Each structure stands twice: as structure tokens, then as C-alpha cells.
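K.L.:
One structure, pasted below without further comment.
Structure (C-alpha cells):
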């Protein structure tokens, strides 16, 4: 590394500019040297990693494209990818073994969401001792911690579910989260675009000056110091069975402290960095909601506020209706079509809508210039579900799309057919390599995916 | 080793088990991994699952399978009775109070607690990540995680509470209402553009503000002008149509200005307008920048009253400063008042000491006691002592009683979903919660209080699985009258019924058998009931013969168990089993071979014939034979709880037969079937126990559940149930991890 390179932090302090800045060429030298041959070239823009999740699988017979390599012919459901096909690879043959019952009986929806990013088999419980595994996004986030203001961002369009168990004796936490901070702590997701905006740009609900905000953050730091020493005293009095929740609390305190330290380097009002208007709240229309959240993710990536994000478009097993597609029935209800032609037609509309929205997201990333290319060139966007066919609840032959150039490490634009039952976790290890995260294996991975 | 007394109680198993069951489940056979002979002879609570499964199988009469020799009804009854007896003995052996780990306040409890303590409303539903449910309830300790995002939200909320709960020179407690451009009313030629109202000629923008009392208010607005001519843009303030000050607006688009005037205003609805009074247009002016004067308004706000600082109710209850007292001394006295309430326990000197040190460090030596208290409030609200309900660990012993304040806390969150009030705290402090009569007095007081509606709002809606009713989207084309508001009215009907049984201490059976219902006008419309002219917000209707009594006729439940476009007898049947009888059926294995083809392909078939396809296959019959008849009986109601027309009903056969041969007809027949079924008592008792304890039940709780059921059979009142739960060891004690020293 050159002696002249400056760390982001030093530069930000020295130049009195904002922490939330688009990635700039001038900082290229400060990038951490890469150890992996696969990782993006040193000095290039950072690589971003995102996971987009859709529930209830897809109608599999309409999913798989014909032909492989770059000459693939879109299936009906993949038709909307046409305009962005050079940016997207269709990966077929991938499977999540740990989403299967493995002796635990019914509950494929809960298992699939819980397994989607963790690759782990969730412990079956309605609410006692929930446990699955740390998710791939969090492994990346932990590795990158401190380099961006947010180690990761978790987004969603549906909150938690409020009644009943969510699926056949599985606690709702399993179906309503894909990002797991620890094996027993799911990362709550932000579903309100206004709150996400306020969080990204550190603006309170009212109008707060930079000075007032700095003052508030200083007080927060004192309070965090106090709370930590006070909680230690409490911890000393706690029984051995009670420590877990408190440890979780300490971990959250630690993360918050780190955030505040990073925010302190901001000397410019971050809300001035974008002409993006503060959203009003949760739009009633799912399309608007989805687009707004997606747009905020693009913004967070563009301004290098985070490099890792996950986005649950709906909770697993969601019975959302799609009135704008003329589908008043619920998604989950329709996915169990049992061969009914009308229901399959409606499922087609839903699946196709999701793919079309994904294509739109890809286009947005491709429209943001960065370095010599675009933001998309430096991104790796996984779209998919951990249920293959919604009617069958299988966990092999999963619908998985991969968009972006991964900083020149991916060759998108192809249909890549892997051997049946290739672990989806092999994709995750391959992507973590490209994020320069040292990892030997993950979930049920057996290696890396060749030919990405 | 069994005690001799137990051995006597353990009478020999009825021979019917050997006759009918052992062929598959004995003598070396263990179909379905059940070796019944070993379970029956072993008689230990380690086989609890097998015993419970046996009880269920016998209850449903679904073993032995069809085609095999089956016991007579008398034999079945003997087997059931014997199994019940054995379970009672084993359950007593296994009984233990259990333990709950530190429980985070859930979102509902958080909001209620803040409201009780500080009188501040935090919109948790929109601001915090949603809680998920475990064991069917959002009170379950294990799923109430504390991810980093949530702590951040707690910080935001704590700062807001600290700010709002204290009025001083920093926050005089003015109401401050700001209306952005797009929400402003306009008069004349005014056009909305991005972020502004644009006024190219004389015109006005304004808004109506609701002011709490008369006084001086500051009116401010953000504006700029396209300046031209010899005057700046001028805006005149107009209050309720009367002209007031004219304000010069010299600012331009590159740097908009903020302008304000303080005026004496009345209370109530006040119409505030800004009139652009000096339009100017000289199209022939040689300088194109001097031809046109226009105004742009970004926002309009009113704040005040500015002539007095009125303390909040929270503040008024604090100890007042003594003349000459230092800020630190006053702060400490205030902390002694506030901290024990917020942390739900008596405090120690060190608590006050460390907090006052924090305030000094954060606020500086010159700060006022109130400014310091703000920092302390923020700190105490993000502390684990507030956010988590921590209970002391049994010291050595395997299980110990909770402290008085821990018990008060459990009682209060169980019945009110909020923190103990001063009376309950006093009862904890003076030891009166240590006596049964002291506890009973407090429980009755809590239940008499309107705040006990929390039990209906949060326990009943989750137990009955209507908590997420508001997220349902019944097909608007089929059911145009059903929107979010009506769904809310539906939920309220069920809440009102449950609340009445609690408040008026009625029988739990009334939930199934109530002969009247309390609903609002929208729901009455939906039910096609005539709304009396003199009715208030809600009205009590007697239930006529066309509707089912009790919750089985509630639109909330009938809608929650339907798909958006149609009813689902399967879901309704499943609901009856799961919710009312605590006897859930497993969902179908995915992609069952031979599952009836598309229901749509059988559109020529009646629903009952359609569902008959479910039971044609033995693999499906075991569960659908139980579920479908229950749901079919409710088919006289449509997917949003409306009564189907006579024509629609004419084609329906609502007669149903359960496995075992019991027959009934229609929703009322079903209701008759459920009335007096002890399984319903078990269901409400077990579910309420889970809600109250914040954990799932195990076989260690079975003895308590059986006792609750037998108590309810004698005295089926809601209060008796609540009282028995509070009086249980499970509620009052805590077991050490792994059962203590062992």
C-alpha cells in the first residue's frame, strides 16, 4: 500500500466532509489489500452484497430457462429479465438440504426462510430455545464492520406476524427473518421507508441542526458508557441461565457505540447529500413500498453507507394479495394450486411481477456510475427463495438469480446449470470469497461454485 | 423407584389395551415408534409425549385404525379414564414451577409502560420493528430478542420521552404544528410545485390549527420570492379572516428565509393564512429579471403558547426543589421518586449515585436539575433494568419465590400489560402480596379497572388468532364494505365480549354462549341489523336464531379463518381444534399423493362433496375427518362473517358427522357440541397460562393445567381462572437453571 494513501476516516476528518460519500477514486489506495485471487482488484471500488428474498417458491415448470451459457432462452417467468439479461445469471440446480424436514415433520415455509441465508437447519420450536445459525450476510457484515456506517442493513415489506405460530410448530421468528445476527438473535428488519431514511441520514423526526445532533450523540455516548458499567453490575448478580439476553444487549450497545463514533466524523449534513425526498411512511401499495425500499438500498450502496444488505420482500408463507395484478387471492393460498389452471395463471403473474421488480432494481444499480463502470458492476445481488416449487415445497432446484459484476469477478448474463443438489451454500462461500471474507465452509457447503 | 402409595394408585391397565393395541404397539411391535406395552408398564413421566398422544388418540377414537377390531364405547371410556388417572399421577411427579429467562418488554408493553409512567405516547407500531410471536403469544420470553436496530429505536424513543415529559425553558411544551407546502390550503391562483406552493399573483395559502388554550403563539413560515420591482415580496398574515401584520420576504430561491410573528390567539380551531399582497407584473421591463414578482411558501407553523411554561403531569408529581438546594441534590430526590417506578424495584444508593454522576458528566456543572433529569430519564429507559424483566436467581435451592416486586410486576403485566401502579407497588412494599387475601384484593382491583381491557386486547386476540385481522385483505369486489375500519370493528366485537366476561366476572362459557353482542354501527350494518336511533358509539344487540351465539358467530373469527375470496372449512375446522379445543392437527405433508385435484376442476361439486374427497384417502382422513365437519358446519357464514342468503343456504347440507359417529348440524349444532366440553376449559386455561408466564408449557405444567380445568368445572368464572393462575407455583416461583443443584 502506498504511503500516501489515506484511510477513509482520516480523510473524512481532515477534509471536513461527510462520512456518507460516494466511493471516490482518490481513496482507491486505501482499500484493504486483498488476499484472495477472486476478490475485486485492489484499489477498485468496494464490492456490495445483497440478498433479496421472495416467499412461497415459484411455479417451477415456468421458471427454468432453456439452453445454457449466454444463449439461454427465457422461460415465461424470466421474460422480464430480457432488458437486463447481460447483467443477470440464472443459477439452476442449487439446493438447501437443511431446509428439508430431516425428521422434523411439516414446516417447510419456516424452515426455508430460516435456512435461506444461514444454510442451517432450524431447531423446531414454537418459541423456546430458538436457534438456527449466523447468516451469510452477517458473516460479511462482521468482517467489514467499521468500514462503513452500517455494517449491514436489513429491509422488509412485512412486519412480524402477530398471532398463532407461523408454520406447524415453528416460532414466527423463523418465517419473518432471514438475517441472523447470532444463532438465536434474528436481525429485526426495517419496513418503514421513512424510518429507514431517517436512520440512513441521521435525521430525527423533526428538524435538527448538525450541532444539536452532535450534542445528542455526545450525550448518547456518555449514556452508553453508563449503561454498560451499570449493566455489568447487574450481570454480576445474574444467574448463569440469564446471561444470554444480557450478552445480546451488550452486543447491541457495542454496535451502537461504534455507529456513533462513525457518525461523529460527519461534519456535513448528510441529508444534503441527496435530493431524495424524505418518504412519508409505509405506502399502501406494495409496488410503491417495494420500489421505495429498493431505492433506499441503492442509495445506501451508492453513498457507501453499507456494503451488505438483505431484503425480505415478504415474510415466508405470506398470503399477501396482489390486487394491482388482478389477483385478489393470497399468495400462499395460490401457491398450493394443486394443478388448477386459474390458480397457476395467478401465481405466474405474481412470480413474473417479482422478477420484473428485480429487473428494475438491477437497472437502477446499472444507472449509477461508479469508477469506470457502474454500481452494478461492483455489486453481487442474489434473488431467490429457499422453496423450489411453491406447490411441492421442495428445497432443491431453487429459483436463484445472481446479478452484478462483483467488481469484475463475475461474468453475468448466462444460464448456469449446476449438478442437481449442489448446495446453495457453495454460492455463498463463493460470494464471501469475493467480499474478501476469509471462510472455509458455510452451512452445508462442499466447496465453491465454479464458472460464476 | 415408585413410592408404595403411588404403586397402589397405579391400578393395572384395562385389558382392552392388550386386546386392541398390542398387535401393532406391543409384544415387540412398535408401529409409529410406539411400544405401548413398555409405556404402560414403565409408567414414568419421561414418556410424557406418549401418554399425551394416547390421551388424544382415545379422545378422537381414531385408533385402532378402521378395519381392525375396535373397543366398545364402554371399553373406550374405561381406557380414557385410566389414562387420565395415570397422567394425573405422572404429572404430579413431574410438576415444577419452571423458569423464564429475562424477558424484554414487548412493543405493546413498552408503549403502555411509557404511557403509565410519563404520560407520553410512543407510536411503537410504526416506529419499532414488529415483535414476533412464540408459542402463539408476543409475551414469550425466548423470542423477544434485542437486536442492535431495536436498541437504536429504544434510544430514539427514550430521548423523546425525556424531552416530552419535562417542560422547562429548553422545552416550554409549546405545541408545535408544522404544515408542509403540499398540505396547505390554497385560494386564488396558487399552484403546487415540488416542495412549495407557488403564487404568481394575489392569492393565499393557509391551514387550520387546533390550539389547546388562548395565549401568545408564534406563527412562522418558510418562504422566498422571485423578486422584482422596488419592493420585496410581502405576505400578510390573516387569522380567521382578519388581517394582521404584513411581513417582508426578501429571500430568494437560493436561500429561502424563515419569518415569524407572535400573535395573541384564541383556543380551538384557528384558521391561519398568508396572503401574497403585492403582486407586480411589468412584461415590458427591459431587464427580464425585473418583470415579474412572485411568492413561494414552503411551510407554515404555529407554536406556543409562548407566555407560560406549564409543567407536565409527570413533572407535577416530582418532589419540588427546596429553596437554595443544589441541582444535584434536587436531582437525587427526583431520582429516588422516579427510578423505583421505572425499574420496578426498590433502588440502592449506588443507583442514584451513578446516575447523578452521569448527569453531571453529560450536562455539565451549570445545568439545571431538570436538564439533568432528562439525561437520566434517557439513561434509565435504555437500561436493561427497564427493558428487561429480570428476576432474581434461586440461591442454592431448586426453586424459590419471586420477590414481592417481581410478583407485582408479573401480575401487572399479565392483567394490564403495563408496569405496577402506585397502589400495587405499595402492596408489594408492605408485604400484603404475601397473603392470598392480599393478592386477591389486588387482582380484583386490577380487574375492576378499565385497564384490564389489556387482557382482551392482547391475550384474547392472540389466543383467538385475530390479532393480525387488520392485515387481511378480503377481496374488495366480493366484499366491498370490508376495509381496515370494519376489520377493526370486528376485532372490537370480540374484545368487548371477552372484556365483559373479565370485568363482570362471568362464566368462560359465555364466550361460546353469549346471547347478545356489543358492536358499532358499521358492524351492525355488515350484520344487517337495524341501528337504533338513540344508540351511542356501540350498541348491545340480542342474538337472534339466525346467528350463532358467542364468538362462533363473530365476523372477526369467521374472516380470520377465510381466504380473501372464499371461506375455508378446513381453516375453520383447524381453528376450532387448535384454538377452542387445544388439539392442533398437523398440516398435510407437502405434495400428498392423491390429494384431490384442483378444487376448481370440481366446480360442479358441492363443497361437502368436494371435501369428501379429502376423506376418501385414509392418509388424509385421520385429520380431515376431524377438521372438515367442524368447518363445514360454519358454512352458513361467508368469508367475512355475513350470513349467506336463504338461496345460497338452501343448497347446503350443514349436517356433519365426526369420527366416532357424533352428528350435529350447522353452527348452532357445533356450538352445542362444544358447550360443556372440558377441552375448551383446558384450552383457555393453558393458553392463558402461556401468556401469563411468557413461556410454553411442558409436562411439568400438566398437573397445574389439570387442576385449573377441574377448578373451572366447579367454578367456570373468568376471575377464578385468573386467580388460580396467579396462585400457582408456576406464577409465583422460579426454578434454578437445570432444576437447581441436581
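Chains as they are written, first to last, in our numbering: chain R, 393 to 844; chain W, 23 to 764. Built from N, CA and C at the ideal position, the CB exists for glycine as well. Remember, it's a predicted structure, so these values are computed and weren't measured experimentally.
Under 8 Å Cβ-Cβ, which residues of chain R neighbour residue 499 of chain W?
P.N.:
Correct list: 720.
K.L.:
If I follow the unbroken beta strand (DSSP E) through residue 238 of chain W, where does it start and stop?
P.N.:
Per DSSP, residue 238 of chain W belongs to the beta strand (DSSP E) from 237-248.
K.L.:
Ignoring anything shorter than 4 residues, give me the alpha helix (DSSP H) runs that lie fully in the stretch 394-443 of chain W, in order along the chain.
P.N.:
Listed in chain order, they are 406-409 and 426-438.
K.L.:
Keeping to the same chain, check which residues put their C-beta closer than 7 Å to that of residue 745 of chain W; ignore five residues upstream and five downstream.
P.N.:
So the qualifying residues of the chain are 462 and 465.
K.L.:
As a quick exercise: from W/106, W/686, W/591 and W/210, pick the residue whose alpha carbon is nearest that of residue 295 of chain W.
P.N.:
Closest by alpha carbon: W/210.
K.L.:
Would you kindly work out how many angstroms separate the C-alpha atoms of residue 736 of chain R and residue 791 of chain R, rounded to a whole number?
P.N.:
For residue 736 of chain R and residue 791 of chain R, the distance between alpha carbons rounds to 17 Å.
K.L.:
Between residue 617 of chain R and residue 631 of chain R, what straight-line distance do the alpha-carbon atoms span, to the nearest angstrom?
P.N.:
Roughly 23 Å separates the two Cα atoms.
K.L.:
Among the residues of its own chain, which have a CB less than 6 Å from the CB of residue 248 of chain W, if the five just before and after it don't count?
P.N.:
For residue 248 of chain W, where only same-chain residues beyond five positions count, the Cβ hits under 6 Å are 316.
K.L.:
Taking 8 Å as the threshold (C-beta atoms), are residue 299 of chain W and residue 258 of chain W in contact?
P.N.:
A contact, by the Cβ cut-off of 8 Å.
K.L.:
In whole angstroms, what is the alpha-carbon distance linking residue 9 of chain W and residue 527 of chain R?
P.N.:
Any question about residue 9 of chain W goes unanswered here, given that chain W covers just 23 to 764.
K.L.:
Using 8 Å as the limit for Cβ to Cβ distance, is residue 752 of chain W near chain R?
P.N.:
Chain R, which has no Cβ nearer than 8 Å to the Cβ of residue 752 of chain W, makes this no.
K.L.:
Can you pull the chain W neighbours of residue 684 of chain R, defined as C-beta to C-beta under 8 Å?
P.N.:
Per Cβ cutoff of 8 Å: no residues; residue 684 of chain R is ~15 Å from chain W at best.
K.L.:
Roughly how many angstroms separate the alpha carbons of residue 400 of chain R and residue 656 of chain R, rounded to a whole number?
P.N.:
Any reading at residue 400 of chain R must be qualified, since the residue scores a pLDDT of 39, below 50, and its modelled position is unreliable; the value itself is stated next. Cα to Cα, residue 400 of chain R sits roughly 13 Å from residue 656 of chain R.
K.L.:
How long is the line joining the alpha carbons of residue 742 of chain W and residue 347 of chain W, rounded to whole angstroms?
P.N.:
Straight-line Cα distance between these residues: approximately 52 Å.
K.L.:
Report the rounded CA-to-CA distance for residue 153 of chain W versus residue 160 of chain W, giving the unit in angstroms.
P.N.:
When rounded, the distance between both Cα atoms is 7 Å.
K.L.:
With residue 793 of chain R as the anchor, note down where its beta strand (DSSP E) starts and where it stops.
P.N.:
792-795 is the span of the beta strand (DSSP E), which, as asked, contains residue 793 of chain R.
K.L.:
Is residue 597 of chain W helix, strand or coil when you go by DSSP?
P.N.:
Looking at residue 597 of chain W - three-state DSSP - the assignment turns out to be helix.
K.L.:
Is the beta carbon of residue 451 of chain W closer than 8 Å to that of residue 441 of chain W?
P.N.:
No, the pair does not count as a contact, with Cβ atoms beyond the cut-off.
K.L.:
Would the stretch 283-292 of chain W and the stretch 234-247 of chain W be scored as touching if the rule is three or more Cβ pairs under 8 Å?
P.N.:
In short, these stretches touch, since the Cβ pair count reaches three.
K.L.:
Who are the near neighbours of residue 417 of chain W in its chain, counting only those whose CB is closer than 6 Å to its CB and skipping five residues on each side?
P.N.:
Nothing meets the Cβ criterion.
K.L.:
What is the C-beta distance between residue 690 of chain W and residue 570 of chain W, in whole angstroms, given that I count them as a contact (C-beta under 8 Å)?
P.N.:
Right, the Cβ-Cβ distance comes to about 6 Å (below 8 Å), so this counts as a contact.
K.L.:
Per the DSSP calculation, residue 572 of chain R is bridged to which residue(s)?
P.N.:
DSSP output for residue 572 of chain R lists R/578 as bridge partner(s).
K.L.:
At the level of alpha carbons, what is the spacing between residue 333 of chain W and residue 530 of chain W?
P.N.:
Their Cα atoms are separated by approximately 45 Å.
K.L.:
Quick one: which chain W residues come within Cβ less than 7 Å of residue 451 of chain R?
P.N.:
Ordered by position in chain W, no residue passes the 7 Å Cβ test against residue 451 of chain R, which lies about 14 Å from the chain.
K.L.:
Assess contact between the stretch 631-646 of chain R and the stretch 563-570 of chain R, defined as three or more Cβ pairs (one per stretch) separated by less than 8 Å. Is contact present?
P.N.:
Taking 8 Å as the limit for Cβ pairs, the verdict is that the stretch 563-570 of chain R does not touch the stretch 631-646 of chain R.
K.L.:
Return helix, strand or coil for residue 534 of chain R, following the three-state DSSP convention.
P.N.:
Three-state DSSP puts residue 534 of chain R in a helix.
K.L.:
According to the neighbour-count rule (16 or more other Cβ atoms, all chains shown, within 10 Å of its Cβ), is residue 553 of chain W buried or exposed?
P.N.:
Burial call: exposed.
K.L.:
If we count the other Cβ atoms within 10 Å of its Cβ and call it buried at 16 or more, is residue 448 of chain R buried or exposed?
P.N.:
The residue in question, residue 448 of chain R, is buried, as its Cβ has 16 or more Cβ neighbours within 10 Å.
K.L.:
Leaving aside the five residues before and after residue 533 of chain W along the sequence, list all residues of the same chain whose C-beta is less than 6 Å from its C-beta, in chain order.
P.N.:
572 and 573, listed in sequence order.
K.L.:
Taking 8 Å as the CB-CB cut-off, is residue 568 of chain R touching chain W?
P.N.:
Yes - at least one Cβ of chain W is within 8 Å of the one on residue 568 of chain R.
K.L.:
Just the chain R side, please: which residues come within less than 7 Å of residue 766 of chain W by C-beta, in chain order?
P.N.:
What the structure shows of chain W is the stretch from 23 to 764, and residue 766 of chain W is not part of that stretch, so it cannot be assessed.
K.L.:
Distance check for residue 636 of chain W and residue 776 of chain R, CA to CA, integer angstroms please.
P.N.:
One C-alpha to the other measures close to 33 Å.
K.L.:
Would you list the one or two residues that DSSP bridges to residue 563 of chain W?
P.N.:
According to DSSP, which records beta bridges pairwise, residue 563 of chain W is partnered with W/539.
K.L.:
Check whether the stretch 178-189 of chain W and the stretch 271-282 of chain W touch, using three or more Cβ-Cβ pairs below 8 Å as the test.
P.N.:
In short, these stretches do not touch, since the Cβ pair count stays below three.
K.L.:
Please state the DSSP three-state secondary structure of residue 172 of chain W.
P.N.:
Note: residue 172 of chain W maps to helix in three-state DSSP.
K.L.:
Take every Cβ of the stretch 119-127 of chain W, pair it with every Cβ of the stretch 411-427 of chain W, and state whether three or more of those distances are shorter than 8 Å.
P.N.:
Result yes; three or more Cβ-Cβ pairs closer than 8 Å.
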